[in-house]
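Undergrad: Pasting a structure below so you can have a look.
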Amino acid sequence: MAPRAPVALVTGAGVRVGRAIALDLARHGWRVAGHYLSHRPPRGLVPLRADLSSPGGPGALARAFRERFGRLDLLVNSAAGFEERPLARVDAAAFDRMMDLNARAPLLLSRALAPMLRRSGGSIVQIADVGGGLVAWNGFAAYAASKAALVRITESLALELAPRVRVNAVAPGTVLWPESYGAARRRTLARRIPLRRAGRPEDVAEAVRFLALAPYVTGVILPVDGGRRLAGRG
Ligand SMILES: NC(=O)c1ccc[n+]([C@@H]2O[C@H](COP(=O)([O-])OP(=O)(O)OC[C@H]3O[C@@H](n4cnc5c(N)ncnc54)[C@H](OP(=O)(O)O)[C@@H]3O)[C@@H](O)[C@H]2O)c1
7 MAPRAPVALV TGAGVRVGRA IALDLARHGW RVAGHYLSHR PPRGLVPLRA DLSSPGGPGA
67 LARAFRERFG RLDLLVNSAA GFEERPLARV DAAAFDRMMD LNARAPLLLS RALAPMLRRS
127 GGSIVQIADV GGGLVAWNGF AAYAASKAAL VRITESLALE LAPRVRVNAV APGTVLWPES
187 YGAARRRTLA RRIPLRRAGR PEDVAEAVRF LALAPYVTGV ILPVDGGRRL AGRG
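The sequence shown begins at 7 in our numbering and counts up one residue at a time.
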């Protein structure tokens, strides 16, 4: 009998970067459950809906996943919020929104699915961000704090879940512009990228697949940023 395809769960699989990660895995022979909140993932993925910003959301998603799948080889935490909030516009609610969705949800989902990952000897890949995760950006303190927390969660879980489960992160630079950024702002920011252009969601997807399949790599935060982290702030 042919071996069964490995199984991945990708959060935020309905749009943009999460969608590209999920489709890339599916193209490479994985069975993929695509989590979403308001944008259903494309055909071929098994859709699972959950609001991950509530404390119970990650547990509910894990239960829905277990009802459909008997094994899990890869969890990709890609769903996130992104808010530009200069200091004068940060408040408790904005800070909590970033932390709840970008840091707490990946932690709780990892906890809920760790038993399945231990059984398979699988791995977790978090989608962090160069901005905040690795270097400070101007005007994004709450978002940056949430991605910095995700980086440290990644390293902590790499220790805690070893030796059975590997835990890594991809830290993208700009691979898809926020839709609110106009042409002038995009040009200015692109000039700060040593490779002089934005990346593509597929660049992140390939890095996720590399980390999923690299048996001696754990606790790594892999920048996919065209060198942006080396080129200053803002
Ligand atoms: N785009 C970039 O250049 C870039 C750069 C660095 C890092 N990243 C990281 O890459 C990942 C994807 O980025 P993106 O630009 O594709 O993100 P995005 O367009 O902002 O999409 C956000 C995703 O999060 C999901 N989501 C939002 N609120 C949610 C909630 N309360 N519960 C569950 N899911 C929720 C959305 O699901 P629905 O659409 O179904 O509601 C969507 O799939 C994020 O972790 C981001 O920080 C992206």
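All C-beta atoms in this analysis are idealised placements derived from N, C-alpha and C, irrespective of residue type, glycine included.
For clarity, every value in this text was computed on a predicted model and none was experimentally measured.
Below 8 Å on the Cβ atoms is my guess for Thr17 versus Val96; work out the distance and round it to an integer in Å.
TA: With a Cβ gap of about 25 Å, Thr17 and Val96 do not count as contacting.
Undergrad: How many Å lie between Arg215 and Asn174 at the Cα?
TA: Cα-Cα distance, rounded: 11 Å.
Undergrad: In chain order, what residues of the same chain lie with their CB nearer than 7 Å to the CB of Gly233, ignoring the 5 residues before and after it?
TA: Contacts found: Ile199, Pro200 and Leu201.
Undergrad: Start and end of the beta strand (DSSP E) containing Pro112?
TA: Careful: Pro112 lies outside any beta strand (DSSP E), inside the alpha helix (DSSP H) at Ala111 to Ser126.
Undergrad: Can you check whether the CB of Gly188 is closer than 8 Å to the CB of Asp231?
TA: No, they are not a contact pair.
Undergrad: Leaving aside the five residues before and after Ala14 along the sequence, list all residues of the same chain whose C-beta is less than 6 Å from its C-beta, in chain order.
TA: The residues are Leu31, Trp36, Val38 and Leu80.
Undergrad: Tell me whether the beta-carbon of Ala120 lies closer than 8 Å to the beta-carbon of Leu58.
TA: Contact: no.
Undergrad: Is any non-hydrogen atom of ligand 1 found closer than 7 Å to the C-beta of Val82, if you look at the structure I gave you?
TA: It does not: the Cβ of Val82 is nowhere closer than 7 Å to a heavy atom of ligand 1.
Undergrad: What is the DSSP secondary structure of Leu140, counted as helix, strand or coil?
TA: Coil.
Undergrad: CB of Tyr187 to nearest heavy atom of ligand 1: below 7 Å?
TA: No, Cβ of Tyr187 sits at least 7 Å from all heavy atoms of ligand 1.
Undergrad: Please name the residue, chosen from Pro169, Gly137 and Ala220, that lies closest to Gly238 on a Cα-to-Cα basis.
TA: Cα-wise, what sits closest to Gly238 is Gly137.
Undergrad: Would Ile227 pass as a contact of Leu123 if the rule is Cβ separation under 8 Å?
TA: No, these two residues do not count as a Cβ contact at 8 Å.
Undergrad: Does DSSP put Pro64 in a helix, in a strand, or in coil?
TA: Pro64 falls in the helix class under three-state DSSP.
Undergrad: Kindly confirm or deny that the segment 42-52 and the segment 90-104 touch, where touching means at least three C-beta pairs closer than 8 Å.
TA: At 8 Å Cβ cutoff, the stretches do not touch.
Undergrad: Using CA coordinates, which residue listed in Arg103, Gly127 and Leu54 is at the minimum distance from Arg77?
TA: The residue with the shortest Cα to Cα distance from Arg77 is Gly127.
Undergrad: Locate the alpha helix (DSSP H) running through Tyr149, then write down its first and last residues.
TA: Unbroken alpha helix (DSSP H) run through Tyr149: Ala147 to Leu167.
Undergrad: How about Val171 and Ile133: do their beta carbons lie closer than 8 Å?
TA: No, the pair does not count as a contact, with Cβ atoms beyond the cut-off.
Undergrad: Using the Cα positions of Met105 and Ala148, report the straight-line distance between them to the nearest angstrom.
TA: Each residue's Cα considered, the two are about 8 Å apart.
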